[in-house]
Structures are given as structure tokens and as C-alpha cells.
Amino acid sequence: MEELSKRKLALYSGLESKKQRLKSGLFAVEGTKSVSDTLGYYPLEALVIKKGVELPETILHFISEDKICETSRQGMDKLSSLSTSPDMIAVYHLPECNIKDFAHLPEDLYLMLDGVQDPGNLGTIIRTAHWFGIKRIFASKDTVDIYNPKTIQATMGSLPHVEVLYCNLEEVVTANPSLPVYGLLLEGKNIYKASLGGKGFIVMGNEGKGISPMLRRSVTFPLLIPPYDPDAHGESLNVAIATAVTLSTFRSKV
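Under our numbering, the first residue of the sequence shown is numbered 160, with each subsequent residue one higher.
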């Protein structure tokens with residue numbers, strides 16, 4: 160088994176940066192479980208393991224030995240974005256977008272993320288979307304990168320199962336006029352009493368600003384998750400929690 164070279168150590172340790180990910184075309188997945196959950200879904204550049212760690216057969220089955228290299232504990236500390244470095248890190252090639260034309264989408268239920276900034280929120284939303292059978296998320300170009308290490312950790316293995324496409328959300332909506340657009344707004348209708356369908360776009364907005372004014376004009380069905388006590392409640396729900404409540408409500412009515 161080869162030792163990780165200094166050149167690759169420098170390259171892989173920079174993958175916490177979006178700029179470096181885009182420049183190299185690579186991203187990293189940390190930890191045995193996350194590696195196991197993603198192997199076979201993305202083209203593998205290398206599997207880096209900590210010296211002395213034995214690979215389980217479930218991982219060895221997926222990769223050839225020439226893709227495996229090892230590094231010291233100090234080397235793994237440099238590679239890892241976690242407070243305690245893991246036993247292994249998989250470095251993958253970024254996948255290519257497999258959809259070029261956003262018009263005439265199949266009639267399905269899609270999630271739209273408008274300016275979500277927190278990587279943990281995005282990862283939790285992807286994990287939640289996977290749970291509720293949402294296969295594709297459309298994200299505005301100012302939404303946090305899905306290959307951010309904190310996002311990947313928060314997906315808990317759901318990353319390969321939900322396609323996230325960065326695009327102009329207004330253009331996607333305009334190109335699919337037959338699909339209703341649901342949006343979480345303060346002036347919306349009580350989601351628990353609303354008539355919800357099994358197709359359309361569900362728009363979730365930025366953590367602080369909500370849905371942008373441009374996209375808000377495209378919302379055909381404004382919805383609201385009402386507080387239990389109208390006179391005593393927090394300022395707002397966390398966007399990841401609001402997404403979970405919304406998807407659960409939609410799925411319960413189909």
C-alpha cells in the first residue's frame with residue numbers, strides 16, 4: 160500500500176475550500192460510515208486511510224488496491240475538517256450535472272432552496288428529502304455548496320440519493336407552468352388545512368430573509384406552518400425543521 164504523497168496531501172487538504180473543490184474537480188467524504196454510504200456512487204480518486212487501520216470487507220469489495228493509500232495520524236489531521244480526524248477519507252471526482260434542460264420536468268414533487276446559507280441546514284434538508292422520497296432539489300446559485308464538508312456530514316449518507324441542481328429558480332418555474340409553486344410565507348394558508356398535491360415545487364427560503372422577492376411572485380400557493388400558541392412562540396422555525404414539517408404534511412395527504 161502506497162503512502163500518500165506530499166503533493167496529494169496538499170491537494171486533498173484544501174478540499175474544505177469551495178474554490179479548491181471547483182479547481183480540482185474533487186471533494187472529500189470523511190469517516191467509515193459516510194465512506195461506506197457513498198462508495199460506488201461517485202468516481203473514486205483515492206481512499207486515504209490512517210496507518211494501522213484495517214479496511215472492512217464491505218469497503219474493499221468496492222475498490223481496487225491501487226486506489227488506497229495511507230497516511231500518518233498527523234497527515235489525517237491535516238486532511239480532516241473534523242475536530243477528531245477519522246480513520247479514512249474518500250476523495251471523489253465531482254459528478255457532472257445530468258440535466259441540461261429544465262423545461263418539461265416530469266410531474267413530481269420537487270424541493271427548491273432559495274439562498275439557504277448554513278451547511279448543516281442544507282445537509283439536514285437533503286437527509287430529510289431522502290426520507291420523504293424527494294429525488295431532486297433545485298437550489299439557487301447563492302445556496303451553500305452541497306460538497307461543503309459540514310453539509311456532507313449532516314446528510315448522514317443521503318448525499319448520493321438526492322440530486323441537487325444549482326440554477327436560476329425563476330427560470331425553472333417559468334419553464335414548467337403546469338407545476339404549482341408552494342412557498343412558506345407569513346401570509347400563507349395554514350398548511351394543515353390546505354389542499355396539497357403530489358406534484359409541484361416547494362420553496363424554502365433563506366434562514367433570515369425568507370423567499371426572495373423575485374421568486375415570491377412566482378408562488379401560487381402560499382403556506383404557513385402556524386405556531387401552536389399564536390401569542391407565545393419563537394420568531395421562526397429553523398429552515399431544516401420547517402422543511403421536515405412541510406414534507407411530512409405533503410406526504411400525509413397523498
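For each residue, glycine too, the CB sits at the ideal point set by N, CA and C.
Being a predicted model, the structure only gives us computed values, none of them experimental.
Problem - Cβ-Cβ distance between residue 173 and residue 164 below 9 Å - result: no
Practice task
Using DSSP bridges, identify the partner residues of residue 381.
Solution key: 342
Practice task
Assign residue 220 to one of three DSSP states: helix, strand, or coil.
Solution key: coil
Handout entry: Helix, strand or coil at residue 262 according to DSSP, with G and I counted as helix
Key = coil
Handout entry: residue 236, enclosing alpha helix (DSSP H) - first and last residue
Key = 232-238
Handout entry: the segment 262-270 / the segment 355-372 touching (three or more Cβ pairs under 8 Å)
Key = yes
Problem - Per-residue DSSP class, three states only, for residue 252 - result: strand
Practice task
Report yes if the CB atom of residue 230 is closer than 9 Å to the CB atom of residue 208, and no otherwise.
Solution key: yes
Handout entry: Range of the contiguous alpha helix (DSSP H) that encloses residue 374
Key = 372-375
Handout entry: Sequence-distant residues of its chain with Cβ nearer than 6 Å to residue 281 (five each side left out)
Key = 275, 303 and 310
Exercise for the section: Please confirm whether residue 161 and residue 228 have their CB atoms less than 9 Å apart. Expected result: yes
Handout entry: Three-way DSSP call (helix, strand, coil) for residue 328 in this model
Key = helix
Exercise for the section: Report the partner residues of residue 162 according to the DSSP bridge assignment. Expected result: 229
Handout entry: Coil, strand or helix - residue 307 by DSSP
Key = coil
Problem - Within 9 Å, strictly: CB atoms of residue 263 and residue 294 - result: no
Exercise for the section: Over the uninterrupted alpha helix (DSSP H) stretch that includes residue 360, give me the two end residues. Expected result: Run containing residue 360: none in the alpha helix (DSSP H); it sits in the beta strand (DSSP E), 359-364.
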